[in-house]
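In the working numbering, the protein residues as written are 3 to 500. Positions of the beta carbon are idealized from the N, C-alpha and C atoms, including for glycine. These figures come from a predicted structure and were not determined experimentally.
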């Protein structure tokens with residue numbers, strides 16, 4: 003390979019041009035945000051009506067609270083909504099209790115199907131997820147209804163394999179029968195899909211003779227990417243996700259370059275098909291953390307302060323004790339600078355950063371850092387060490403070793419109703435739940451694809467402004483030819499957030 007002297011300014015200018023050209027189509031519009039908010043309100047009304055009819059436990063009602071990218075400001079046009087179920091208790095003393103009776107997800111799934119929405123409960127994910135689509139096709143709706151019927155026909159002890167339901171749960175779940183399926187829709191039962199991340203017998207067989215696809219082939223229960231209206235994932239038992247979202251939103255307010263940079267990287271990862279936890283690559287949440295790690299810890303000077311270190315604490319002892327108590331969720335500290343008005347004002351006054359680089363310059367550094375190719379420049383820029391390092395947004399310096407966390411070999415946790423595999427080929431520490439690897443779904447082929455894409459991006463950038471010929475455009479979309487149906491791969495383990 004011929005080596006040409008780098009034209010760094012030309013590289014930056016190219017990235018700034020691509021950002022200016024692509025971002026308008028990436029941003030989520032206000033009309034889209036408004037329509038999603040209306041759909042959320044409708045869902046909440048339908049589900050609370052179902053609870054009032056079919057549930058007699060301690061929860062009076064539920065609220066659907068937005069979290070994830072659509073609530074943090076990092077949502078792209080056409081992206082799904084992430085919603086968390088927050089219980090409103092009959093007993094006010096249980097206000098901080100996030101426990102959801104296990105019959106409730108099935109009640110809500112049935113309510114969605116009875117309202118002619120697409121509804122599918124995934125129970126083998128890290129936390130239960132109810133997937134909803136606004137306008138399912140007739141074929142998809144029939145398949146979802148029949149899948150629900152199969153669950154309804156199970157013996158009671160098999161419906162909730164983690165343990166026997168108590169009396170009230172048995173009484174409530176008995177009411178959650180099959181949705182009313184028009185006779186015109188009754189047909190042969192569809193094959194079971196695997197997008198819930200189940201480790202089926204098929205997935206345990208050797209894969210050496212099968213072709214891996216970055217984008218897993220859809221099954222009969224999977225929602226299409228387009229054509230079925232608004233889609234959302236409703237999470238149960240994920241209170242930390244709401245606090246994560248609030249912190250990411252605060253990061254988006256620290257500097258006007260944060261949001262466009264995050265959206266550009268997410269769109270790039272989507273076009274290169276390396277943004278799917280289901281297929282063994284990385285979730286949207288993981289990509290956001292990678293960008294923020296770079297902006298907080300690697301960019302010089304830093305673009306953003308570390309919000310978990312810039313926490314204004316009460317000076318009064320009693321107030322401090324109450325603050326510490328209030329900021330513990332499920333045993334994890336969720337403390338960060340969360341006053342949006344203060345952050346916005348500090349950013350406006352230029353008190354949070356001295357970095358003046360353009361988004362293009364920051365993107366160049368981002369790709370160089372994760373490509374981890376030394377090149378010929380001196381002093382050599384910082385590089386991410388994929389084999390040894392853990393991305394850590396919360397820690398000073400932003401890096402901790404896999405060895406120090408014990409994240410060396412894959413581990414498997416088996417319970418009565420699911421099997422969760424934690425891989426550490428790529429490691430990103432959750433900012434709050436520090437024993438959780440956000441990149442645990444990345445398998446061997448996934449990590450190879452992600453690293454290859456960073457190297458490809460850096461190869462393209464390095465020759466910009468030289469006499470060398472560009473191999474292709476950095477923002478080109480990967481074109482994959484799906485293998486025959488018999489060769490399609492089952493999905494990787496799913497996560498509850500991202």
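- Item | alpha helix (DSSP H) segment containing residue 289, residue limits | For the purposes of this step, residue 289 is identified with residue 287 of the chain shown, where counting begins at 1. That run of the alpha helix (DSSP H) goes 286-295.
- Just mark residue 318 as buried or exposed, buried being the case when its beta carbon has 16 or more other beta carbons within 10 Å. Translated into the one-based positions of the chain shown, residue 318 becomes position 316. Result: exposed.
- Message: Here's a check: name, in chain order, each residue in its chain whose Cβ is nearer than 6 Å to the Cβ of residue 402, leaving out the five neighbours to either side.
- Response: Taking the chain shown and counting its residues from 1, one reaches residue 402 at position 400. For residue 402, where only same-chain residues beyond five positions count, the Cβ hits under 6 Å are 392 and 394.
- Query: DSSP puts residue 409 in a beta bridge; with which residues?
  - Reply: Sequence index remark: in the chain shown, residue 409 carries index 407 (1-based). None, per the DSSP bridge assignment.
- Task: May I ask you to report which of helix, strand or coil DSSP gives residue 219?
- Result: The sequence position of residue 219 within the chain shown is 217, counting from 1. The answer is coil: DSSP assigns residue 219 none of H, G, I, E or B.
- Query: Straight-line CA distance for residue 372 to residue 456?
  - Reply: Numbered from its first residue, the chain shown carries residue 372 at position 370. Numbered from its first residue, the chain shown carries residue 456 at position 454. If you take the alpha carbons of residue 372 and residue 456, they lie about 6 Å apart.
- With distances taken from CA atoms, which of 283, 328 and 240 is nearest residue 214? One-based indexing of the chain shown puts residue 214 at position 212. Nearest C-alpha to residue 214: 283.
- Query: Do residue 60 and residue 91 have their C-beta atoms closer together than 8 Å?
  - Reply: As a working mapping, residue 60 is identified with position 58 in the chain shown. As a working mapping, residue 91 is identified with position 89 in the chain shown. Yes, they are a contact pair.
- Item | residue 136 - DSSP class collapsed to helix/strand/coil | Sequence index remark: in the chain shown, residue 136 carries index 134 (1-based). Note: residue 136 maps to coil in three-state DSSP.
- Query: Which first and last residues belong to the alpha helix (DSSP H) in which residue 322 is found?
  - Reply: Residue mapping note: residue 322 aligns to position 320 of the chain shown, counting from 1. Element bounds for residue 322: 319-328.
- Message: As a quick exercise: from 65, 53 and 22, pick the residue whose alpha carbon is nearest that of residue 39.
- Response: In the chain shown, counting from the first residue as 1, residue 39 sits at position 37. Of the candidates 65, 53 and 22, the one whose C-alpha sits nearest the C-alpha of residue 39 is 65.
- Query: What's the call for residue 148, buried or exposed, on a 16-neighbour Cβ count within 10 Å?
  - Reply: Here residue 148 refers to the residue found at position 146 of the chain shown. It is buried - the Cβ of residue 148 has at least 16 other Cβ atoms within 10 Å.
- Query: Which class does residue 70 belong to by DSSP, given the choice of helix, strand or coil?
  - Reply: Taking the chain shown and counting its residues from 1, the one referred to as residue 70 is at position 68. Residue 70: coil per DSSP, three-state reduction.
- Message: Could you tell me the alpha carbon to alpha carbon distance between residue 63 and residue 123, rounded to whole angstroms?
- Response: Within the chain shown, numbered from 1, the residue matching residue 63 stands at position 61. Within the chain shown, numbered from 1, the residue matching residue 123 stands at position 121. Each residue's Cα considered, the two are about 20 Å apart.
- Item | Status (buried if at least 16 other CB within 10 Å, exposed otherwise) for residue 481 | The residue you call residue 481 lines up with position 479 of the chain shown. With fewer than 16 other Cβ atoms within 10 Å, it is exposed.
- Determine, using beta carbons only, whether residue 247 and residue 73 come nearer to each other than 8 Å. Translated into positions along the chain shown, residue 247 becomes position 245. Translated into positions along the chain shown, residue 73 becomes position 71. Yes.
- Task: Would you mind working out which of 459, 346, 87 and 18 sits nearest residue 307, comparing C-alpha positions?
- Result: Position 305 of the chain shown, counting from 1, holds the residue named residue 307. Ranking 459, 346, 87 and 18 by Cα distance to residue 307 puts 346 first.
- Whole alpha helix (DSSP H) runs in the region 224-265 with 4 or more residues, listed along the chain? 241-256
- Since I believe residue 78 is in contact with residue 269 (beta carbons under 8 Å), could you give me their beta-carbon distance rounded to a whole number of angstroms? Locating residue 269 in the chain shown gives position 267, where the first residue counts as 1. Locating residue 78 in the chain shown gives position 76, where the first residue counts as 1. Right, the Cβ-Cβ distance comes to about 6 Å (below 8 Å), so this counts as a contact.
- For residue 47, count neighbouring C-beta atoms within 10 Å of its own C-beta (all shown protein chains included) and say buried if the count is 16 or more, exposed if not. Here residue 47 is taken as the residue at index 45 of the chain shown, counted from 1. So residue 47 counts as exposed.
- Item | Residue range of the beta strand (DSSP E) that includes residue 394 | Start at 1 with the first residue of the chain shown, and residue 394 comes out as number 392. That run of the beta strand (DSSP E) goes 391-394.
- Message: According to DSSP, residue 334 sits in a beta bridge with which residue or residues?
- Response: Walking along the chain shown from the start, residue 334 turns up at place 332. Partner(s): 331.
- How long is the line joining the alpha carbons of residue 2 and residue 155, rounded to whole angstroms? The requested residue 2 is not part of the displayed model; the chain covers only 3 to 500.
- Item | Alpha-carbon to alpha-carbon, residue 295 and residue 404 | For the purposes of this step, residue 404 is taken as the residue at position 402 of the chain shown. For the purposes of this step, residue 295 is taken as the residue at position 293 of the chain shown. Those two C-alpha atoms are separated by around 16 Å.
- Query: According to the Cβ coordinates, are residue 134 and residue 119 closer than 8 Å?
  - Reply: Counted from its first residue, the chain shown places residue 134 at position 132. Counted from its first residue, the chain shown places residue 119 at position 117. Closer than 8 Å, so yes.
- CB contact flag (residue 340, residue 310, <8 Å): The count along the chain shown starts at 1 and reaches residue 340 at position 338. The count along the chain shown starts at 1 and reaches residue 310 at position 308. No. Outside cutoff.
- Task: Taking residue 367 as part of the alpha helix (DSSP H), name the residues at either end of that continuous run.
- Result: On the chain shown, position 365 is the one that residue 367 refers to. Its alpha helix (DSSP H) spans residues 361-373.
- Task: Quick one: grab the DSSP three-state call for residue 153.
- Result: The sequence position of residue 153 within the chain shown is 151, counting from 1. Residue 153 falls in the helix class under three-state DSSP.
- Taking residue 120 as part of the beta strand (DSSP E), name the residues at either end of that continuous run. As a first step, residue 120 is located in the chain shown; it is residue number 118 there, counting from the start. Its beta strand (DSSP E) spans residues 120-124.
- Query: To the nearest angstrom, how far is it from the Cα of residue 102 to the Cα of residue 26?
  - Reply: Counting from 1 along the chain shown, the entry for residue 102 is found at position 100. Counting from 1 along the chain shown, the entry for residue 26 is found at position 24. Each residue's alpha carbon lies about 40 Å from the other.
- Have a look at 259, 228 and 41 and flag the residue whose alpha-carbon is nearest the alpha-carbon of residue 358. Your numbering for residue 358 matches position 356 in the chain shown. Residue 259 is the option with its Cα nearest to residue 358.
- Task: Check whether the Cβ atoms of residue 285 and residue 129 sit closer than 8 Å, and answer yes or no.
- Result: Taking the chain shown and counting its residues from 1, the one referred to as residue 285 is at position 283. Taking the chain shown and counting its residues from 1, the one referred to as residue 129 is at position 127. It is not a contact, given that the beta carbons lie outside the stated cut-off.
- Query: Buried or exposed: residue 330, going by 16 or more other Cβ atoms within 10 Å of its Cβ?
  - Reply: As a working note, residue 330 is residue 328 in the chain shown. Burial call: exposed.
- Task: Could you check the C-alpha separation between residue 44 and residue 234 for me, to the nearest Å?
- Result: Locating residue 44 in the chain shown gives position 42, counting from the first residue. Locating residue 234 in the chain shown gives position 232, counting from the first residue. Cα-Cα distance, rounded: 13 Å.
- Report yes or no: do the region 461-472 and the region 297-306 share at least 3 C-beta pairs separated by less than 8 Å? No, the region 461-472 is not in contact with the region 297-306.
- Message: So for residue 85, helix, strand or coil by DSSP?
- Response: Mapped onto the chain shown, residue 85 falls at position 83. Looking at residue 85 - three-state DSSP - the assignment turns out to be strand.
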